[in-house]
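Numbering (my numbering), first residue to last: 4 to 368.
Glycine included, every Cβ here is placed at the ideal spot set by N, Cα and C.
Everything numeric in this text was worked out from a predicted model, so none of it was measured.
What follows is one structure encoded as structure tokens, with my remarks underneath.
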Ligand code: PHE
């Protein structure tokens, strides 16, 4: 799509500033989208309670991407052409955000993905931003943790070959782990939605790894953990942010306990700003906010901050204002965007326990 921008849209209503949300509310990534919508809704509600922006109320229009790139692209087109939103927020899975970024960039409407970590998302153009770190960092963090903290020398990889996120993380992890003197025992693949991983896990067992890196999403990872144990593969799994879901514990049961994954934040962080967010979110939704909720809250607040500061609400004015985001106090860490429109932030490593994950360590960039 390049860096060109079309005529900016007018707000849909003179008294409302409309934010567009496209995220996966159903399908194998449903908990991602639900947390994302909740996080944005909380930010909008709080901003309205604080008086809105420039004498106007904020509102949001939400579409379900169903976890499918084609649906995600259509949702953005609808948000922009029909609803005339000022900013697009979403999606979680990088493959969906890649399809969305194409449309937002072509229309000249700024898009902030809260949680898509694949580097190519923001490379779609200068209207595309994010509120999270990127996978070259996340993959490095787990490679370092595996080598230095867990002292592993031989790790197998099981990747989702339908997911831009999974392929990207596999690339970084295998390169970094090897550079640090480790050995990749084997790399096996599955496709999103598969339910039987026994053939791949049998090949992995033969390669005698000390752990398996599974850069996938919770729906698959939980099932993989159970099938690995059934096959007598008694090694921890290692993963990335895609594991972050309440469903992981249900699907993985005791088989996933003792495994480790990288993530964006821990709700146990005693920082008062984080604890206030956790309390507000719990009061509104009856659940502890996961990283998706935290990053969505941050992305929405970045958009709201830009609406306050921009000279007008045109696409170019908002784009230029978002690009200047600096030391923004997010609950998922302070956000300063670099020249590629990516924040530089710390990652945490979490250990999967019984029904929740425990904080292990923080790795700074
Ligand atoms: N980073 C994942 C992706 O890009 C999405 C994700 C983020 C999932 C945070 C869970 C938690 O596809």
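Considering residue i, what are the terminal residues of the beta strand (DSSP E) in which it resides?
| i | result |
| --- | --- |
| residue 24 | 19 to 26 |
| residue 41 | From DSSP, residue 41 is part of no beta strand (DSSP E) but of the alpha helix (DSSP H) over 33 to 52. |
| residue 64 | 60 to 67 |
| residue 332 | 331 to 333 |
| residue 228 | Run containing residue 228: none in the beta strand (DSSP E); it sits in the alpha helix (DSSP H), 221 to 233. |
| residue 176 | Looking at the DSSP string, residue 176 is not in any beta strand (DSSP E); the run it does join, the alpha helix (DSSP H), is 167 to 182. |
| residue 192 | 186 to 193 |
| residue 265 | 263 to 266 |
| residue 127 | Careful: residue 127 lies outside any beta strand (DSSP E) and carries neither H nor E. |
Taking 6 angstroms as the line, does the beta carbon of residue i fall inside it for any heavy atom of the ligand PHE?
| i | result |
| --- | --- |
| residue 18 | no |
| residue 24 | no |
| residue 362 | no |
| residue 144 | no |
| residue 95 | yes |
| residue 78 | no |
| residue 303 | no |
| residue 245 | yes |
| residue 99 | no |
| residue 284 | no |
| residue 121 | yes |
| residue 294 | yes |
| residue 262 | no |
| residue 38 | no |
| residue 168 | yes |
| residue 118 | yes |
Pull up the distance between the alpha-carbon of residue i and that of residue j, whole angstroms please.
| i | j | result |
| --- | --- | --- |
| residue 135 | residue 348 | 7 angstroms |
| residue 319 | residue 237 | 54 angstroms |
| residue 131 | residue 196 | 28 angstroms |
| residue 43 | residue 210 | 44 angstroms |
| residue 143 | residue 279 | 31 angstroms |
| residue 356 | residue 299 | 25 angstroms |
| residue 368 | residue 140 | 7 angstroms |
| residue 262 | residue 59 | 47 angstroms |
| residue 147 | residue 57 | 47 angstroms |
| residue 305 | residue 339 | 11 angstroms |
| residue 174 | residue 123 | 14 angstroms |
| residue 214 | residue 168 | 20 angstroms |
| residue 334 | residue 220 | 23 angstroms |
| residue 294 | residue 249 | 11 angstroms |
| residue 360 | residue 247 | 9 angstroms |
| residue 39 | residue 229 | 28 angstroms |
| residue 222 | residue 165 | 14 angstroms |
| residue 27 | residue 17 | 29 angstroms |
List the endpoints of the continuous alpha helix (DSSP H) containing residue i.
| i | result |
| --- | --- |
| residue 249 | Segment: none, residue 249 is in no alpha helix (DSSP H) and carries neither H nor E. |
| residue 304 | 294 to 312 |
| residue 281 | 275 to 288 |
| residue 81 | 72 to 84 |
| residue 98 | 97 to 110 |
Would you say residue i reaches chain C, if we count a Cβ-Cβ gap shorter than 7 angstroms as a contact?
| i | result |
| --- | --- |
| residue 18 | Any reference to chain C falls outside this structure, which holds one protein chain only. |
Touch test, the region 192 to 200 against the region 250 to 258, Cβ-Cβ under 8 angstroms, three pairs minimum: no
Segment contact flag, the region 267 to 274 with the region 333 to 351, C-beta cutoff 8 angstroms, min 3 pairs: yes
Stretch pair the region 202 to 213 + the region 226 to 236: three plus CB contacts closer than 8 angstroms: yes
Sufficient close CB pairs (3 or more, under 8 angstroms) joining the region 294 to 308 to the region 176 to 184: no
Segment contact, 8 angstroms Cβ cut-off, at least three pairs: the region 59 to 79 with the region 97 to 105: yes
Stretch-stretch touch, CB-based, cutoff 8 angstroms, three pairs: the region 110 to 118 with the region 147 to 167: no
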